[in-house]
Amino acid sequence: MEKKRTNIIKQCILLIVIVLFGMFILLSWWTGFSPGMLIFDTLISYSTEILIIFPFVFVLISLFEVWVKQETVEKHLGANSGIRGFLWAILLGGTTLGPMLVALPIAHALSRKGARLSVVFTYIGAASVCRIPMTVFEASYLGILFTVIRYAVSIPLIILSSVILGRYLDKRKYTIQKGG
Numbered sequence: 006m007e008k009k010r011t012n013i014i015k016q017c018i019l020l021i022v023i024v025l026f027g028m029f030i031l032l033s034w035w036t037g038f039s040p041g042m043l044i045f046d047t048l049i050s051y052s053t054e055i056l057i058i059f060p061f062v063f064v065l066i067s068l069f070e071v072w073v074k075q076e077t078v079e080k081h082l083g084a085n086s087g088i089r090g091f092l093w094a095i096l097l098g099g100t101t102l103g104p105m106l107v108a109l110p111i112a113h114a115l116s117r118k119g120a121r122l123s124v125v126f127t128y129i130g131a132a133s134v135c136r137i138p139m140t141v142f143e144a145s146y147l148g149i150l151f152t153v154i155r156y157a158v159s160i161p162l163i164i165l166s167s168v169i170l171g172r173y174l175d176k177r178k179y180t181i182q183k184g185g
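Mapping of the sequence shown onto this note's numbering: residues 6 to 185, in sequence order.
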């Protein structure tokens, strides 16, 4: 009963925030408040980008769920994968295209298939730092030396923080929810 009441309170708060945001946007358009209009334009732009990209992401994740066997993920990214699991996560994260929102459902799918938490965290970190298109763009404008130094610093820190966070959560028997 308490959980149901908490959910109702959360839904009411969300509704209030949405209504207040809508009122802010309408008032901004009515008064010509340019920051409010810019906020609305940015919201529409990002929402459109997400609506265009997400169907493809969900198709790819569905194909991953069907085509890639759980045993394969457990072997290469699971508890006994060792350093190889981190290398695979960095390689996979580097090839992830699109915004970071694309990496999160993929990370969830990896977890559902048996990847250990520290490898999932490494994948998320690598997807945000080591993407190939970003690396090419960075190297062409800032130089290859800068990119090499950034990778030499970033990758060990990603792995280290992933291992620490993974061990911390493993000790507390934390698991990512396997539902839906």
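Beta carbons: idealized from backbone N, C-alpha and C, even for Gly.
For clarity, every value in this text was computed on a predicted model and none was experimentally measured.
Taking 8 angstroms as the threshold (C-beta atoms), are residue j and residue i in contact?
| i | j | result |
| --- | --- | --- |
| residue 90 | residue 81 | yes |
| residue 66 | residue 110 | yes |
| residue 140 | residue 163 | no |
| residue 114 | residue 70 | yes |
| residue 198 | residue 118 | No information on residue 198 is available, as it lies outside the stretch 6 to 185 that the chain covers here. |
Taking only the alpha-carbon atoms, compute the straight-line gap between residue i and residue j and give it to the nearest angstrom.
| i | j | result |
| --- | --- | --- |
| residue 120 | residue 171 | 11 angstroms |
| residue 74 | residue 159 | 31 angstroms |
| residue 122 | residue 155 | 24 angstroms |
| residue 40 | residue 53 | 20 angstroms |
| residue 11 | residue 99 | 40 angstroms |
| residue 137 | residue 83 | 25 angstroms |
| residue 166 | residue 36 | 48 angstroms |
Report the three-state DSSP secondary structure of residue i (helix, strand or coil).
| i | result |
| --- | --- |
| residue 101 | coil |
| residue 83 | coil |
| residue 38 | coil |
| residue 17 | helix |
| residue 194 | Only positions 6 to 185 of the chain appear in this structure, which leaves residue 194 out of reach. |
| residue 114 | helix |
| residue 178 | coil |
Step through the CB atoms of chain B and report whether any lies within less than 8 angstroms of the CB of residue i.
| i | result |
| --- | --- |
| residue 124 | This model lacks chain B altogether; it includes just one protein chain. |
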